[in-house]
Amino acid sequence: MKVYQSNEIKNIALIGNAGSGKTTLAEAMLFEGGVISRRGNVDDNNTVSDYNPVEHEHGNSVFSTVLYTEWLGKKINFIDTPGAEDFAGGVISALNVVDTGLMLINAQHGVEVGTEILGRRATKRNKPLIFVVNHLDHEKANFEQSIESAKVSFGNKVAIVQYPVNAGNGFDAVVDVLKMKMYKWGPEGGKPEILDIPESESEKANELHNELVEAAAENDEALMELYFDKGSLTEDEMREGMRKGMTACDLYPVFCISAKKDMGVRRLMEFIGNIVPFVTEMPAIPTVSGREAKCDANAPTSLFVFKTSIEPHIGEVNYFKVISGKIKEGDDLTNINNGTKERLSQLYAVAGRHREKVSELVAGDIGATVKLKNTKNNHTLNCKDCDFIYKDIDFPEPKYRTAVNALDEADDERLGELLHRMHEEDPTIIIEYSKELKQILLHSQGEFHLNTLKWRLKHNDKMEIEFKSPKIPYRETITKQAAADYRHKKQSGGSGQFGEVHLIIEPYYEGIPDPTSFKVDGKEFKVNLRGTEVVDLEWGGKLVFCNCIVGGVIDTRFLPAIMKGIMEKMDEGPLTGSYARDIRVTVYDGKMHAVDSNEISFKLAGRHAFSEAFKNAAPKILEPIYDIEILVPEDRMGDVMSDLQTRRAMIMGMEAEKGFQKILAKVPLKEMDRYSTSLSSLTGGRAQFSMKFAEYDKVPNDVQVELLASYEEETAEV
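In structure tokens form, the structure reads like this:
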């Protein structure tokens with residue numbers, strides 16, 4: 063392969079809802095560009111993309127696949143991304159390194175919830191979009207409905223470049239209103255016959271042509287003046303206006319294809335080659351420091367690793383984009399994230415599992431390398447004259463959690479290694495070793511996401527695992543003041559143990575005034591604050607320890623021991639063994655013995671006094687509450703709202719959003735178990751949601767009673 067220069071490279075991502083035909087389109091693009099000599103089929107499991115066994119098993123893309131093709135003297139790098147929201151990480155990493163998105167729309171369904179969410183992700187990253195209406199050969203294809211739903215979701219930026227003459231089973235022709243020609247295919251697709259537009263389509267074609275001319279002219283003042291002067295624009299002038307409109311994300315051109323029959327793909331690739339912005343025409347990449355890295359082959363070399371995969375017999379493959387400069391085989395670079403040196407011993411242009419060795423890659427190009435020692439996703443590699451570092455890819459918050467363990471305990475250590483490797487491949491799989499819950503927790507984007515992980519462990523790594531319902535990280539706190547004292551005394555010949563602690567506990571809140579007096583159970587306590595220690599608890603909240611000892615009744619050297627005893631009970635709350643938080647402890651009196659007092663005595667006295675006071679301070683269990691955002695079709699709103707009511711949800715708001723309804727709610731984490739599966743069942747897979755931790759709040763009384771009974775039963779069994 064020749065070395066392509068920056069002004070010959072275009073980077074695109076194939077995005078779209080599951081079932082929109084991205085992998086089939088990728089196959090047709092590879093075929094038309096001559097990278098493959100025969101098109102594979104998703105049903106036959108022989109496509110260049112979707113080559114992993116788990117993808118064959120489930121019939122869906124699980125990983126994003128880096129590909130390339132050559133067309134009209136240009137190199138088009140493109141990434142085939144998964145359509146299921148469970149694998150959103152692959153889409154997001156792709157959108158971070160490409161310059162344009164090809165948004166596939168299934169002509170049977172039009173814009174779906176997934177399409178809307180993908181559009182928002184592309185818009186957030188300022189990526190131009192081309193809408194590609196696919197499956198026009200399906201008997202239920204409806205182009206007009208697809209365009210109508212696109213305009214509802216994306217506004218008047220949607221500009222028709224092509225429309226089908228005969229959508230449905232007999233689909234074989236489109237009218238192109240940019241070229242003002244009709245393209246007609248034979249049964250095998252491929253190269254079309256280019257014809258004049260028939261009289262029956264002339265009026266419609268002219269009307270849409272004029273709309274496209276106006277849309278192109280709107281993006282350039284000079285073109286607008288030409289349009290006013292001449293009443294029209296040439297094809298080249300329209301291309302220039304469309305390029306500028308796309309770069310500014312103000313124009314979404316629409317193309318028509320049947321990817322399965324390879325109809326319309328050549329014309330789409332021609333448009334990509336002629337109009338889609340080159341890498342040099344896109345905005346510079348911002349660095350962490352706020353500087354910008356321009357796509358310039360003559361600048362210092364810098365590249366960003368956006369994807370890692372583990373390939374059989376090869377090991378780790380790192381996929382990267384050259385942000386600036388150029389790289390050659392054998393170059394030594396520095397990993398700016400950890401300071402290690404890396405040698406690029408081999409460089410590849412990639413088409414799925416097929417890799418072609420190349421001698422050089424320049425700014426804007428996408429490639430792969432192997433056998434890097436300490437480089438992972440989100441890492442930046444620089445030459446010695448460059449100190450750029452790029453922002454991490456911002457992946458979505460997890461939506462699903464489960465506990466996991468190996469069926470064979472002897473596999474526990476190996477399970478940890480395999481899960482870590484899977485996180486490297488897919489950063490949206492998050493592993494948490496919870497000391498609090500005594501479980502290994504997996505956080506992911508959905509149940510399907512984790513089921514594919516389980517399948518891979520079983521079939522690829524011969525590891526049997528099981529998922530269990532995860533425990534909830536409850537917290538314990540108090541709601542009123544309480545006092546207690548405890549004397550620890552132990553005599554067994556010789557030196558004994560003695561320590562006595564008097565303390566008051568109360569709920570802590572930001573801005574609470576210093577303690578001066580208390581009234582607990584009718585008794586008045588006046589205190590003199592001598593010192594305060596504030597502990598920011600690693601599990602959230604605070605413990606505030608106030609020393610109000612006067613007259614030396616407890617030596618100051620024993621105060622850390624008292625604090626240690628209290629922390630032991632904060633670490634294992636008296637109610638359910640959960641972490642306690644947001645408590646102020648005031649130690650105001652006590653006794654010690656000149657010989658028998660020691661640290662262990664005061665630690666035990668402090669622990670028991672705190673535990674007794676806690677139980678008398680109207681203790682409450684707190685539960686984690688999450689902010690939930692659900693995007694749902696209008697006709698399924700009732701079902702979703704009814705289900706939320708059963709989950710103790712608090713509805714915070716509802717609003718219409720581009721053809722869908724958005725529900726904002728606060729829901730306890732306990733009630734979100736398997737919610738992604740339930741929501742999919744309720745809406746036929748047409749709704750999507752995101753969730754993010756919001757706060758801890760008190761559980762209702764009936765739930766607390768249930769939790770206390772459950773904990774009592776659990777501890778009794780032990």
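For reference, each letter of the sequence shown is one residue, going 63 to 780 in the numbering used here.
We put the beta carbon where it would ideally sit given N, CA and C, even for glycine.
With 16 other Cβ atoms within 10 Å as the buried cut-off, status of residue i
i	result
residue 227	buried
residue 400	exposed
residue 665	buried
residue 348	exposed
residue 298	exposed
residue 649	buried
residue 360	exposed
residue 315	buried
residue 707	exposed
residue 88	buried
residue 550	buried
residue 495	exposed
residue 607	buried
residue 750	buried
Residue i: first and last residue of the uninterrupted alpha helix (DSSP H) it sits in
i	result
residue 517	509-522
residue 214	205-216
residue 532	Element bounds for residue 532: n/a, residue is neither H nor E.
residue 85	84-94
residue 675	661-677
residue 626	621-633
residue 478	474-487
Candidates the options: closest to residue i by CA position
i	options	result
residue 545	530, 519, 582	582
residue 502	754, 690, 474, 517	474
residue 384	397, 366, 276	366
residue 773	634, 393, 706	634
residue 275	263, 258, 290, 684	290
residue 183	402, 163, 277, 172	163
residue 517	89, 114, 499	114
residue 215	225, 176, 238, 457	176
residue 364	539, 225, 338, 398	398
residue 454	159, 553, 776, 245	159
residue 613	750, 658, 590, 607	590
residue 525	466, 543, 434	466
Residue i - DSSP class collapsed to helix/strand/coil
i	result
residue 75	strand
residue 704	helix
residue 417	strand
residue 744	helix
residue 538	strand
residue 737	helix
residue 565	strand
residue 250	coil
residue 328	helix
residue 308	helix
residue 709	coil
residue 444	strand
residue 363	coil
Residue i, enclosing beta strand (DSSP E) - first and last residue
i	result
residue 375	Element bounds for residue 375: n/a, residue is neither H nor E.
residue 755	750-760
residue 340	Unbroken run through residue 340: none, as it is neither H nor E.
residue 275	From DSSP, residue 275 is part of no beta strand (DSSP E) but of the alpha helix (DSSP H) over 261-279.
residue 547	544-552
residue 716	712-719
residue 652	645-653
residue 493	492-496
residue 463	462-468
residue 727	722-730
residue 505	501-506
residue 396	393-397
residue 187	Premise fails: residue 187 is in no beta strand (DSSP E) and is neither H nor E.
residue 405	403-406
residue 431	428-432
residue 221	220-222
residue 423	422-424
residue 318	314-318
Contact with chain C by residue i, beta-carbon distance below 9 Å
i	result
residue 658	Annotation note: the requested chain C is absent from the structure, which comprises a single protein chain.
Proximity test, residue i beta-carbon vs the ligand ADP heavy atom, cut-off 8 Å
i	result
residue 247	You won't find the ligand ADP in this model; it holds no ligand whatsoever.
task = Note down, one range per segment and in chain order, each beta strand (DSSP E) of at least 3 residues found wholly within the region 582-610.
result = 585-588, 593-598, 604-609
task = Tell me the start and end of each unbroken alpha helix (DSSP H) in the region 101-177 that is at least 4 residues and wholly inside, in chain order.
result = 115-120, 150-157
Uninterrupted alpha helix (DSSP H) stretches inside the region 281-306 (no shorter than 4 residues) = 283-292
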